[in-house]
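> Residue numbers (this note's numbering), protein chains in the order written: chain A, 85 to 475; chain B, 85 to 475; chain C, 85 to 475; chain D, 85 to 475. In this text, a Cβ means the ideal position worked out from N, Cα and C, and glycines have one as well. These numbers were taken from a predicted model, which means no experiment stands behind them.
Number of protein chains: 4
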Amino acid sequence: MSTQNPVFIPGPTNIPEDLRRAMDYPSIDHRSPAFRDMLLPALAGVKRVLRTTAGEAVIFPASGTGAWEAAITNTLSPGDRVLAARHGMFSARWIDLCRRHGLDVEVIDEAWGLPAPADRFAAALAADTGHRIRAVLVTHNETATGVRSDVAAVRRALDAAGHPALLFVDGVSSIASMDFRMDDWGVDVAITGSQKGFMLATGLAICGLSPKALAAAETAACPRGFFDFRDMLNANAGGGFPYTPPVNLIRALTRSVALLEAEGLEAVFARHHRIAEGVRAAVRAWGLRLCAARPGTESDTVSAILTPAGFDATRIVTHAASRYGVAFGVGLGEVAGKVFRIGHLGSMTDVMALAGLAAAEMVMADLGLPVRPGSGVAAAQDHYRATARAA
Amino acid sequence: MSTQNPVFIPGPTNIPEDLRRAMDYPSIDHRSPAFRDMLLPALAGVKRVLRTTAGEAVIFPASGTGAWEAAITNTLSPGDRVLAARHGMFSARWIDLCRRHGLDVEVIDEAWGLPAPADRFAAALAADTGHRIRAVLVTHNETATGVRSDVAAVRRALDAAGHPALLFVDGVSSIASMDFRMDDWGVDVAITGSQKGFMLATGLAICGLSPKALAAAETAACPRGFFDFRDMLNANAGGGFPYTPPVNLIRALTRSVALLEAEGLEAVFARHHRIAEGVRAAVRAWGLRLCAARPGTESDTVSAILTPAGFDATRIVTHAASRYGVAFGVGLGEVAGKVFRIGHLGSMTDVMALAGLAAAEMVMADLGLPVRPGSGVAAAQDHYRATARAA
Amino acid sequence: MSTQNPVFIPGPTNIPEDLRRAMDYPSIDHRSPAFRDMLLPALAGVKRVLRTTAGEAVIFPASGTGAWEAAITNTLSPGDRVLAARHGMFSARWIDLCRRHGLDVEVIDEAWGLPAPADRFAAALAADTGHRIRAVLVTHNETATGVRSDVAAVRRALDAAGHPALLFVDGVSSIASMDFRMDDWGVDVAITGSQKGFMLATGLAICGLSPKALAAAETAACPRGFFDFRDMLNANAGGGFPYTPPVNLIRALTRSVALLEAEGLEAVFARHHRIAEGVRAAVRAWGLRLCAARPGTESDTVSAILTPAGFDATRIVTHAASRYGVAFGVGLGEVAGKVFRIGHLGSMTDVMALAGLAAAEMVMADLGLPVRPGSGVAAAQDHYRATARAA
Amino acid sequence: MSTQNPVFIPGPTNIPEDLRRAMDYPSIDHRSPAFRDMLLPALAGVKRVLRTTAGEAVIFPASGTGAWEAAITNTLSPGDRVLAARHGMFSARWIDLCRRHGLDVEVIDEAWGLPAPADRFAAALAADTGHRIRAVLVTHNETATGVRSDVAAVRRALDAAGHPALLFVDGVSSIASMDFRMDDWGVDVAITGSQKGFMLATGLAICGLSPKALAAAETAACPRGFFDFRDMLNANAGGGFPYTPPVNLIRALTRSVALLEAEGLEAVFARHHRIAEGVRAAVRAWGLRLCAARPGTESDTVSAILTPAGFDATRIVTHAASRYGVAFGVGLGEVAGKVFRIGHLGSMTDVMALAGLAAAEMVMADLGLPVRPGSGVAAAQDHYRATARAA
């Protein structure tokens with residue numbers, strides 16, 4: 085497939101020039117002060133992006149799945165009860181991972197397309213008067229369905245119940261692209277990766293850890309080694325790593341944070357919202373609906389678009405790739421074949437989004453869907469024109 | 085300005101990944117066989133792209149303007165008469181350059197927007213029974229107006245008149261993107277640069293030289309040093325250069341030719357024609373006209389679009405850059421303020437072109453022109469869908 | 085620290101130009117055939133480098149420590165007995181990791197500077213008539229001491245005892261630089277990373293798996309998720325990954341194998357041996373000894389050099405970095421302060437090695453050690469001259 | 085040839101990472117303010133490096149030879165007399181170039197290995213009471229012989245004679261590596277390229293122009309077009325270029341100046357002097373002599389080393405390349421076969437220089453010259469140790 089067109093998958097994202105360069109660097113001695121001078125700013129930068137001053141940040145050479153594993157194995161013990169909603173592929177996978185590590189998951193099943201139900205979390209927590217639930221898992225942005233959940237509401241549910249459970253949040257496809265407030269929301273472990281909002285290659289599992297999570301790590305009995313928070317924090321304290329670090333990605337992470345902060349985190353979020361609104365206008369113009377079924381819960385980083393019943397949505401992705409050299413995301417799990425996804429996170433402009441919409445229109449028309457080419461583009465253009473500022 | 089969006093200027097073009105890499109290389113010894121092994125394939129590749137087997141290729145570290153100067157100073161003597169059409173900024177500049185070097189230019193003025201008039205060339209050549217005219221200059225693709233001239237027709241005019249003048253062709257913005265046939269058309273010096281169809285950075289002035297041009301170099305009296313064909317050919321024969329060569333660009337030129345030949349030159353031309361046809365469909369949908377006034381002479385590498393009388397077309401370029409981070413080309417010389425230009429040469433896809441058209445529509449609508457957003461995109465989409473093949 | 089000088093640490097290694105480029109690539113859709121076309125050749129290439137046809141290769145986004153963890157958690161159950169030698173920092177750490185995962189490690193302590201004692205392995209295995217030992221761990225190349233162990237001898241010990249235990253080999257700093265024969269030696273899990281012999285950035289944990297190891301994965305009860313072989317193999321079978329893959333490193337891994345195979349694996353090993361022999365000649369000329377105490381067990385990828393008693397060897401590393409911008413490796417664990425290490429694996433030439441030796445001489449002389457500048461260089465030059473072939 | 089080892093040619097030099105990156109950049113619109121914002125700092129930076137506040141800087145897309153041509157064609161008229169010393173390949177070539185452009189060159193022949201003779205310049209200028217000499221040409225650093233000339237002394241000769249001739253200085257291999265003072269020395273045109281002290285790829289011809297040179301450009305009658313100062317200065321004044329500029333090199337030139345100024349120009353000169361002194365110590369230890377015959381005139385950027393009579397010095401360069409993958413410079417012109425050259429300008433460290441010396445020793449010993457391996461390295465090490473500061 086051509087690398088000339090941008091990708092419209094919900095991560096890995098298009099990588100800015102500056103970050104391409106920052107990752108492409110000769111080997112250095114990771115036991116020297118030169119590495120410390122890369123690591124410490126990266127950790128500090130991650131904390132600022134996560135909006136935590138109380139907590140710590142750790143970075144493992146892994147993907148987001150590794151961060152899920154790190155969160156649970158460092159803070160919990162086999163048999164511990166965990167409360168989690170299952171309403172998309174990624175929330176489902178995290179639950180599966182918990183079970184593999186011997187946790188007892190109390191699952192709240194919700195329709196794919198709806199957010200994690202804060203009211204049902206509240207009920208379950210209130211009912212758990214013995215505080216058997218040790219941790220609550222929330223997927224902030226379900227990448228499979230393009231749905232944003234209300235983390236603050238889950239925090240309020242915990243607080244209302246006076247419940248001491250830890251709050252773990254998968255922010256893989258939201259952090260650094262959508263509003264995320266670790267301290268304000270009382271998140272105990274915040275989880276993300278390098279290849280989404282940070283706009284880097286895949287390879288860093290990033291966790292924010294509250295003091296409470298750090299305390300839990302002292303007693304947690306799940307076996308862990310590679311992902312052990314304590315080893316990592318001990319080594320980081322001396323400017324080092326417990327094993328060979330992914331130097332280039334860590335170095336580039338500091339540069340990524342610098343790019344985000346130069347634009348301003350609020351401006352980054354606003355840019356993603358603006359681009360997403362344009363995409364949503366296009367979807368309406370096409371006469372289609374988002375998988376995100378409840379107004380106000382639509383993701384600003386990925387739009388999962390329902391195709392008409394009987395149509396295999398995966399054909400859109402395949403045809404877009406083979407005929408126009410454009411990458412969209414397929415539907416996963418329960419919505420496989422029912423949705424295709426347009427990723428619009430990371431390094432994305434309105435003009436790039438219009439290219440994606442134009443391509444999607446051609447593909448849908450080619451495949452016989454009743455979508456008029458130009459219609460979605462026009463709707464998005466209207467939005468972008470109305471909201472544009474100086475570049 | 086953002087580097088996320090592609091550029092839509094008529095060169096330098098968007099540079100493919102592979103060529104970015106090929107240019108980014110450590111220093112080597114340019115007096116070693118390693119350089120010879122870069123130079124000789126580059127020269128051979130240029131000859132294939134120029135479609136010459138009879139001639140030679142030379143490459144100078146300069147821009148296309150340097151190639152203009154090389155062509156005339158190596159083959160002509162002060163006071164020599166040259167016949168040239170002036171119908172755009174670049175043909176006008178070449179004439180000016182000739183005069184600076186003491187040549188006597190017989191100018192055929194033609195309207196900007198029309199091609200070089202082969203019939204008036206024919207008349208001038210027929211009238212020149214004494215063969216005072218030593219060279220005929222043709223700008224194959226006037227980058228300022230987006231007009232293609234008929235080089236073969238000028239060759240026929242020379243042949244019909246039995247005229248021995250040399251034929252020089254500026255193919256800067258056509259070669260490697262549009263059909264060009266040095267041997268078939270009897271071109272004596274073909275001129276281009278690295279930053280257009282070859283998709284590299286600016287820095288190489290490339291000339292194809294017929295045996296007749298080489299013979300002329302033996303007697304030409306214009307002073308020259310840096311651009312001397314003889315020194316260059318002598319050095320090249322031994323695999324070297326008469327001075328420090330631009331190694332990286334020469335190395336990358338071979339890779340550029342490999343990309344062109346992997347796609348197939350005819351396929352490259354067809355791709356540019358297809359993309360250009362989509363752009364032209366958009367222009368019609370906008371209710372606008374090209375500067376190229378005669379059907380069949382439209383350039384496949386750049387479209388110069390006339391804006392309504394009284395409107396300053398330069399505002400489109402300025403607004404596109406400042407509001408949407410997109411680069412179009414301004415009008416130059418006589419058409420300054422009257423046209424804006426969309427470059428679609430080099431590394432360009434249909435989807436990238438749609439992004440440019442969508443941006444242009446937003447800009448024109450923002451500036452109050454009666455262009456309906458989405459209209460041009462839709463017209464181009466229709467063309468692209470109808471002509472798409474597997475990517 | 086300057087990035088102009090090569091690094092002389094035992095990994096990450098100096099990265100060849102071609103691999104720098106191969107890692108620096110735009111994002112692609114990892115669910116598309118384009119990724120499959122990167123993954124499958126990478127896996128096939130790893131198998132060829134490991135010299136296994138019977139086994140499989142898996143690649144995780146992690147470091148070599150992750151591969152250690154993957155090896156044991158996929159094949160063993162809590163409480164399982166493991167036999168391992170402890171004779172350096174990395175063998176010690178692997179033992180520690182086993183214990184964290186609930187394994188019962190029978191440790192054979194050997195002096196740091198000696199190889200894993202095959203005879204004591206043989207005795208322990210012969211004594212284990214009940215076959216309680218489920219796995220034997222061997223560190224092929226102890227990076228901390230620069231000592232190579234005899235894996236084939238451990239295999240012979242297993243076979244002689246008729247013992248069914250699995251054989252795991254840490255080849256992190258040997259594979260792709262020194263002779264390694266997975267099938268011939270009956271290795272069940274071979275472990276390495278991307279940043280050593282493969283000459284890439286850190287980020288890939290690479291395992292070769294024998295059919296016996298794969299069978300063990302079906303019954304192993306250690307919890308695992310991120311590093312689960314079965315999920316990985318299932319996903320790989322379809323050309324995919326169980327989570328977001330580190331696309332760029334996987335893409336570059338194929339290119340790395342191509343470089344190794346273009347030179348020829350035997351030639352790569354011979355090159356490292358030749359360079360190492362030169363380093364060892366220098367050490368003798370300096371009047372110093374290697375940590376590797378037994379002739380024939382010296383590593384060809386890293387030389388750990390003992391400094392005189394009472395001298396803090398770490399000062400060499402610090403001084404080399406601060407005064408000459410050159411990175412050597414510090415001593416670790418029991419040999420901290422007693423040795424400094426010169427890494428000479430990966431992308432290394434004789435001339436680069438001479439630069440490192442010259443720097444080491446200056447440093448040692450600066451610090452008052454009785455080393456005559458030029459003496460080691462001269463000894464190495466003699467060896468390199470005597471063994472040089474056309475570059 | 086390997087790209088792992090540094091090059092030891094007197095340019096193009098080893099390119100720092102930062103400058104590799106700065107040159108590798110996507111295309112931008114060179115008619116936009118983005119280009120102006122690259123160009124103006126580059127020009128300002130060049131002026132600071134040239135140490136001129138009175139003059140202007142211009143940059144052409146060409147090599148240093150183009151700058152030679154630009155200097156003479158912009159300021160002189162056919163038939164004008166020029167005074168020049170010929171004492172090496174590059175001074176000889178510049179004289180040849182003058183003659184091709186119709187100038188009347190009064191040549192002062194000096195032995196290759198000696199500097200331009202200021203006393204003979206003084207005599208010729210004093211004798212030229214009619215002021216027929218319009219320009220004096222000095223090669224500050226003869227790259228072919230490794231000899232530095234005394235520009236200030238030539239300026240004094242002009243002043244002593246009250247002679248109004250222009251002073252042109254070829255500083256191609258000195259500027260930005262050795263002390264150069266355009267205003268202090270009254271240089272009218274200073275000439276260099278991008279690939280030497282500026283550590284970039286070849287492709288920029290850089291000239292500093294005094295007000296007197298600018299005035300001369302108003303009346304000079306040599307034909308010129310591509311290299312016309314007036315067009316360039318006019319375009320630059322508006323932030324533009326008279327034709328397509330080499331954007332990437334111009335952008336990187338600003339970064340190059342930033343690197344030089346971060347180190348400090350005086351510190352850069354001191355570094356080159358220190359490295360060169362080490363090389364010269366090695367040459368003495370080898371029992372060889374430099375081509376630079378007069379003490380105090382040795383170049384700090386390149387050492388041309390005389391080999392014993394009867395020995396073909398070119399064999400050293402060929403053997404170094406083929407056996408050790410190391411590039412040295414061959415002898416040129418009158419000293420072809422008599423010298424080989426070690427370039428040590430641009431991005432070079434003491435440790436890199438030691439690698440080059442070690443390689444040269446192996447080569448010379450291989451070829452039967454009475455050079456003891458290690459001897460030159462040891463001598464250079466002594467110098468580097470004695471003069472080292474914190475890296």
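Can you grab the Cα-Cα spacing for the pair residue 161 of chain C / residue 254 of chain A, in whole Å?
Cα to Cα, residue 161 of chain C sits roughly 30 Å from residue 254 of chain A.
> Which same chain residues, not among the five before or five after residue 400 of chain C, have their C-beta less than 8 Å away from its C-beta?
Answer for residue 400 of chain C: 391, 412, 424, 444, 447, 448 and 451, listed in chain order.
> Kindly list the residues whose CB is nearer than 6 Å to the CB of residue 365 of chain C, restricted to its own chain and excluding five residues on each side of it in sequence; keep chain order.
Answer for residue 365 of chain C: 463, 464 and 467, listed in chain order.
> Since I believe residue 230 of chain D is in contact with residue 383 of chain D (beta carbons under 8 Å), could you give me their beta-carbon distance rounded to a whole number of angstroms?
Going by Cβ atoms, the distance from residue 383 of chain D to residue 230 of chain D rounds to 4 Å, so yes, they are a contact pair.
> Kindly say whether residue 200 of chain A, judged by its beta-carbon, lies nearer than 9 Å to any beta-carbon of chain B.
No, because no Cβ of chain B sits closer than 9 Å to the Cβ of residue 200 of chain A.
> Is DSSP giving residue 178 of chain A helix, strand or coil here?
Residue state, collapsed to three classes: helix.
> Residue 144 of chain D: which of B:213, B:148 and B:142 sits nearest, CA to CA?
With distances taken between Cα atoms, residue 144 of chain D lies closest to B:148.
> For residue 145 of chain B, which beta-bridge partners are listed by DSSP?
In the DSSP output, where bridge partners are listed per residue, residue 145 of chain B has B:288.
> Check each candidate in B:203, B:183, B:214 and B:163 and name the one with the smallest Cα separation from residue 239 of chain B.
When only C-alpha atoms are compared, the closest one is B:203.
> Give me, in chain order, the residues of the same chain whose beta-carbon lies closer than 7 Å to that of residue 174 of chain D; leave out the 5 immediate sequence neighbours on both sides.
Answer for residue 174 of chain D: 223, 226, 227, 228 and 254, listed in chain order.
> Which of the residues in the stretch 275 to 287 of chain B, read from start to end, lie with their CB under 9 Å from any CB of chain A?
Those residues of the stretch 275 to 287 of chain B that come within reach of chain A (Cβ to Cβ, closer than 9 Å) do not exist; the list is empty.
> What residues from the stretch 88 to 122 of chain A come within 8 Å of chain D, judged by C-beta to C-beta, listed N to C?
Those residues of the stretch 88 to 122 of chain A that come within reach of chain D (Cβ to Cβ, closer than 8 Å) are 101, 105, 108, 109 and 110.
> Is DSSP giving residue 332 of chain C helix, strand or coil here?
Here residue 332 of chain C sits in helix by DSSP.
> Mind pulling the chain C residues with CB within less than 7 Å of residue 181 of chain A?
309, listed in chain order.
> Would you tell me roughly how many angstroms separate the C-alpha atoms of residue 356 of chain A and residue 104 of chain A, rounded to the nearest one?
Using only the alpha carbons, I get a separation of about 21 Å.
> Please work out which residues of its chain come closer than 6 Å, Cβ to Cβ, to residue 352 of chain B, disregarding the five sequence neighbours upstream and downstream, and give them in chain order.
Excluding residues within five positions, the ones whose Cβ falls inside 6 Å are 344.
> Taking C-beta pairs closer than 7 Å, name the residues in chain D that residue 414 of chain B reaches, listed in chain order.
Correct list: 115.
> Just to confirm the assignment, what range does the beta strand (DSSP E) spanning residue 402 of chain D have?
Counting along the chain, residue 402 of chain D falls outside any beta strand (DSSP E), though it belongs to the alpha helix (DSSP H) covering 398 to 408.
> Give me the Cα-Cα distance between residue 134 of chain A and residue 242 of chain A, rounded to the nearest whole angstrom.
Spanning the two alpha carbons is a distance of roughly 21 Å.
> Could you work out which residue in B:245, B:180 and B:219 is closest to residue 209 of chain B when comparing CA atoms only?
Taking only the C-alpha atoms, the option nearest residue 209 of chain B is B:245.
> At the level of alpha carbons, what is the spacing between residue 235 of chain A and residue 326 of chain C?
Looking at the two C-alpha atoms, the distance is approximately 27 Å.
> Do three or more CB pairs link the stretch 334 to 341 of chain C to the stretch 127 to 142 of chain C at distances below 8 Å?
They touch, by the three-pair rule.
> In whole angstroms, give me the CA-to-CA distance for residue 101 of chain C and residue 282 of chain C.
So the alpha carbons of these two residues sit roughly 13 Å apart.
> Against chain D, with Cβ distances strictly below 9 Å, would residue 41 of chain C count as a contact?
It is not possible to answer for residue 41 of chain C, since the shown part of chain C is limited to 85 through 475.
> Please compile the residues from chain A whose C-beta is within a distance smaller than 8 Å of the C-beta of residue 255 of chain B.
Residues of chain A passing the Cβ test: none, with the nearest at roughly 24 Å.
> Going by alpha carbons, who is nearest to residue 292 of chain D out of D:394, D:277 and D:302?
Answer by Cα proximity: D:277.
> How about residue 372 of chain B and residue 107 of chain B: do their beta carbons lie closer than 9 Å?
No, the pair does not count as a contact, with Cβ atoms beyond the cut-off.
> Looking at the unbroken beta strand (DSSP E) that takes in residue 434 of chain D, where does it start and where does it end?
Premise fails: residue 434 of chain D lies in the alpha helix (DSSP H), 434 to 450, not in any beta strand (DSSP E).
> Going by the CB atoms, is the gap between residue 298 of chain D and residue 153 of chain D shorter than 9 Å?
For residue 153 of chain D and residue 298 of chain D, no; Cβs fall outside 9 Å.
> In whole angstroms, what separates the C-alpha of residue 110 of chain B from that of residue 287 of chain D?
Using only the alpha carbons, I get a separation of about 15 Å.
> Between B:116, B:95, B:123 and B:114, which lies nearest to residue 114 of chain D when the distance is taken from Cα to Cα?
Of B:116, B:95, B:123 and B:114, the residue nearest in Cα terms is B:95.
> In three-state terms, what does DSSP make of residue 89 of chain C?
Coil.
> Beta-carbon of residue 331 of chain D versus every beta-carbon of chain B: anything under 9 Å?
Yes, residue 331 of chain D lies at the interface with chain B (some Cβ there is under 9 Å from its Cβ).
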